[in-house]
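J.:
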Amino acid sequence: MNDILNAQLTIPFANEKHAKIVYETLRVDQEPRKNLIQRQLSLQSNLLIINWSAKESRILRVSCQSILEHINSILNTIQAFELD
Amino acid sequence: MVTIIGFEGSANKIGVGIIRDGEVLANPRHTYVTPPGHGFMPSETAKHHKEHILSLTKQALEEAKITPQEIDAISYTKGPGMGGPLLTVAIVARTLSQLWSKPIIGVNHCIGHIEMGRLITSAKNPTVLYVSGGNTQVISYENKRYRIFGETIDIAVGNCLDRFARVLKLSNDPSPGYNIEQMAKKGTKYLELPYCVKGMDVSFSGLLSFIEQKGPKLIQEKKYTPEDLCYSLQETVFAMLVEITERAMSHCDSREVLIVGGVGCNLRLQEMMKKMCDERNAILFSTDDRFCIDNGAMIAQAGYEMFKVGMFTPWEKTTITQRYRTDQVEINWRE
Ligand SMILES: Nc1ncnc2c1ncn2[C@@H]1O[C@H](COP(=O)(O)OP(=O)(O)OP(=O)(O)O)[C@@H](O)[C@H]1O
Ligand SMILES: [Mg+2]
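Line order of the protein sequences matches chains A and B. Going by the UniProt record's numbering, the first sequence opens with residue 1, and the numbers climb by one from there. Going by the UniProt record's numbering, the second sequence opens with residue 1, and the numbers climb by one from there.
#1: For ligand 1, is there any heavy atom lying closer than 6 Å to the beta carbon of residue 76/B?
#2: If we cut at 7 Å on Cβ distances, does residue 77/A have a partner in chain B?
#3: Would you grab the beta carbon distance between residue 18/B and residue 60/B for me? Rounded to a whole angstrom, and I think it's under 8 Å.
#4: Go ahead and label residue 310/B buried or exposed: buried means 16 or more other beta carbons lie within 10 angstroms of its beta carbon, across all protein chains shown.
#5: Given that a residue counts as buried once 16 or more other Cβ atoms are within 10 Å of its Cβ, and exposed if not, what is residue 190/B?
#6: For a test of the three-state rule: what should DSSP assign to residue 6/A, helix, strand or coil?
#7: State buried or exposed for residue 93/B, treating a residue as buried only when at least 16 other CB atoms are found within 10 Å of its CB.
#8: Tell me whether the beta-carbon of residue 104/B lies closer than 7 Å to the beta-carbon of residue 318/B.
#9: To the nearest angstrom, how far is it from the Cα of residue 223/B to the Cα of residue 30/A?
#10: Using a Cβ-Cβ cut-off of 7 Å, state whether residue 255/B counts as contacting chain A.
#11: So, is residue 118/B buried or exposed, given that buried needs 16 or more other C-beta atoms within 10 angstroms?
#12: Is the segment 51-69 of chain B in contact with the segment 27-42 of chain B, if contact means three or more CB pairs nearer than 8 Å?
#13: With a threshold of 7 Å on Cβ separation, who are the neighbours of residue 12/B within its own chain once the five nearest residues in sequence on each side are excluded?
#14: What in chain B is Cβ-close to residue 83/A, meaning under 8 Å?
#15: Suppose you measure from the CA of residue 277/B to the CA of residue 74/A; what does that come to, to the nearest Å?
#16: What residues in the segment 23-56 of chain A bring their beta carbon closer than 7 Å to a beta carbon of chain D?
#17: Helix, strand or coil for residue 275/B, going by three-state DSSP, please let me know.
#18: Which term fits residue 38/B, buried or exposed, when burial requires 16 or more other beta carbons within 10 angstroms of its beta carbon?
#19: Taking buried to mean at least 16 other C-beta atoms within 10 Å of its own C-beta, is residue 78/B buried or exposed?
#20: Kindly indicate the opening and closing residues of the alpha helix (DSSP H) around residue 76/A.
#21: How would the residue list near ligand 2 read, in chain order, if you kept each one whose beta-carbon is closer than 5 Å to any heavy atom?
#22: Using DSSP with H/G/I as helix, E/B as strand and the rest coil, what is residue 109/B?
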């Protein structure tokens with residue numbers, strides 16, 4: 001049996017509001033293959049903490065990469081359309 | 001006054017539309033065009049949408065001459081479609097919903113096509129032929145549902161056209177179906193192709209493999225031109241579509257036909273359907289490429305109807321789903 005692989009990311013944002021928007025946007029989606037990978041999100045003031053545990057390294061890397069891409073897209077949207 | 005912004009990106013087009021009480025204020029769109037011979041893949045398509053969605057949103061707001069504050073709700077395509085592209089768009093919609101403090105509405109793409117067609121044409125209670133790259137359905141409204149009367153049992157008609165366009169290495173700009181249509185106008189010699197209607201349903205995969213296999217050889221031997229094959233393909237598949245539409249009409253005793261979806265802007269299909277309608281004393285309604293090809297306004301319009309009856313999407317449900325049937329949605333906004 002394979003070992004469980006873990007990854008953790010702690011990402012700081014400019015402020016709590018931005019961190020909350022990123023958190024709320026990402027928490028909606030489930031990992032497509034729940035039996036192979038689990039992902040937990042949590043919010044601590046302006047920090048977003050993401051924990052993964054997976055059975056396959058490839059799936060883990062794909063999930064990490066796609067989360068980072070989504071965060072990038074959320075930040076671009078905030079930058080373009082945040083109301084003053 | 002109700003103003004809705006709609007985001008569509010379920011396939012290779014990304015569109016942002018703004019609708020205010022039945023008026024299209026803006027509807028810009030950008031298409032991911034692949035080289036001749038190639039289809040579009042999910043991850044490249046998602047990347048394309050990501051690159052264009054924010055500038056299209058800016059453009060839509062400018063053209064509509066409105067500020068985000070004037071928007072009442074944000075609607076986005078929940079499905080059906082390709083996972084990656086759908087998610088890319090949903091993520092931007094969720095972000096905007098929070099930035100602007102607006103409710104969010106997840107829309108069924110097929111319902112978007114139907115509601116846009118109804119808005120533009122004012123058709124009252126039509127039998128709907130929905131024909132696109134991913135769907136082929138004959139639909140009729142009954143008791144708060146769009147019921148699927150007949151559909152393809154394998155590939156969609158648009159997919160059949162697109163894949164034959166790939167065999168001929170036709171340009172995908174603006175769409176393979178459009179270029180098949182232009183070629184077909186110059187075709188004269190008809191090749192008999194497998195015609196497959198089963199009751200209310202149609203099948204295109206046998207026809208496609210037949211023409212994919214025989215086509216290149218017939219062209220090489222100079223028995224048929226590529227134009228002849230495009231012409232024969234169109235005549236055959238459109239005749240099948242007219243047949244099942246007519247069958248649904250006589251079942252429902254309907255006097256109206258509405259064609260929606262990307263293949264619906266094909267003028268030859270409209271002409272053949274019109275002929276059938278004339279014979280039955282019925283009226284044909286159709287729209288042009290601005291509204292029948294995937295666009296943001298159609299998602300805004302379905303969102304508008306849903307807004308008016310309070311069909312908001314709870315935050316936890318603002319997901320995407322690759323499969324989402326037309327008849328899964330309760331149509332609370334119709335009598
Ligand atoms: N003039 C035309 N004649 C025939 N087919 C056309 C024409 N213009 C576009 N199409 C076809 O329409 C299809 C695109 O339809 P549409 O924009 O509704 O999106 P789609 O990606 O197929 O989405 P869905 O199936 O989810 O509705 C493609 O197959 C394209 O080749
Ligand atoms: Mg479509």
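The beta-carbon is built from N, C-alpha and C at its ideal position, and this holds for glycine as well. None of these values were measured; they are calculated from a predicted model.
T.: Looking at the coordinates:
#1: In the second sequence, the residue the question calls residue 76/B occupies position 76. Because no heavy atom of ligand 1 lies under 6 Å away, the Cβ of residue 76/B does not count as near it: no.
#2: Taking the first residue of the first sequence as position 1, residue 77/A is located at position 77. With 7 Å as the cut-off, residue 77/A counts as an interface residue toward chain B.
#3: As a first step, residue 18/B must be located in the second sequence, where it is residue number 18. As a first step, residue 60/B must be located in the second sequence, where it is residue number 60. Between residue 60/B and residue 18/B the Cβ distance is about 5 Å, and since that is below 8 Å, they are a contact.
#4: The sequence position of residue 310/B within the second sequence is 310, counting from 1. Result: exposed.
#5: To locate residue 190/B, count along the second sequence from 1; it is residue 190. Answer is exposed; the Cβ neighbour count stays below 16.
#6: Sequence index remark: in the first sequence, residue 6/A carries index 6 (1-based). DSSP places residue 6/A in strand when its eight states are reduced to three.
#7: Residue numbering aside, residue 93/B sits at position 93 when the second sequence is read from its first letter. Under this definition residue 93/B is a buried residue.
#8: By 1-based counting over the second sequence, the position of residue 104/B is 104. By 1-based counting over the second sequence, the position of residue 318/B is 318. In this structure, residue 318/B lies closer than 7 Å to residue 104/B by Cβ.
#9: As a working note, residue 223/B is residue 223 in the second sequence. As a working note, residue 30/A is residue 30 in the first sequence. Taking the straight line from one Cα to the other gives about 55 Å.
#10: Counting from one through the second sequence, the residue named residue 255/B turns up at place 255. No, its Cβ sits nowhere closer than 7 Å to a Cβ of chain A.
#11: On the second sequence, position 118 is the one that residue 118/B refers to. It counts as buried.
#12: At 8 Å Cβ cutoff, the stretches touch.
#13: Along the second sequence, read from residue 1 onward, the residue named residue 12/B stands at position 12. Answer for residue 12/B: 31, 32, 40 and 45, listed in chain order.
#14: Numbered from 1 along the first sequence, position 83 holds the residue referred to as residue 83/A. Simply 68, 69, 99 and 100.
#15: In the second sequence, counting from the first residue as 1, residue 277/B sits at position 277. In the first sequence, counting from the first residue as 1, residue 74/A sits at position 74. Roughly 49 Å separates the two Cα atoms.
#16: Looking for chain D here will not work: the only protein chains present are A and B.
#17: Reading the second sequence from its first residue, position 275 is the one you call residue 275/B. Of the three classes helix, strand and coil, the one that applies to residue 275/B here is helix, per DSSP.
#18: For the purposes of this step, residue 38/B is identified with residue 38 of the second sequence, where counting begins at 1. Under this definition residue 38/B is an exposed residue.
#19: Stepping through the second sequence from its first residue, residue 78/B is reached at position 78. Around the Cβ of residue 78/B, a 10 Å sphere holds 16 or more other Cβ atoms; the residue is buried.
#20: Walking along the first sequence from the start, residue 76/A turns up at place 76. It spans 57-81 - the alpha helix (DSSP H) in which residue 76/A sits, taken as one unbroken run.
#21: For ligand 2, the selected residues are 132/B and 294/B.
#22: The residue you call residue 109/B lines up with position 109 of the second sequence. Note: residue 109/B maps to helix in three-state DSSP.
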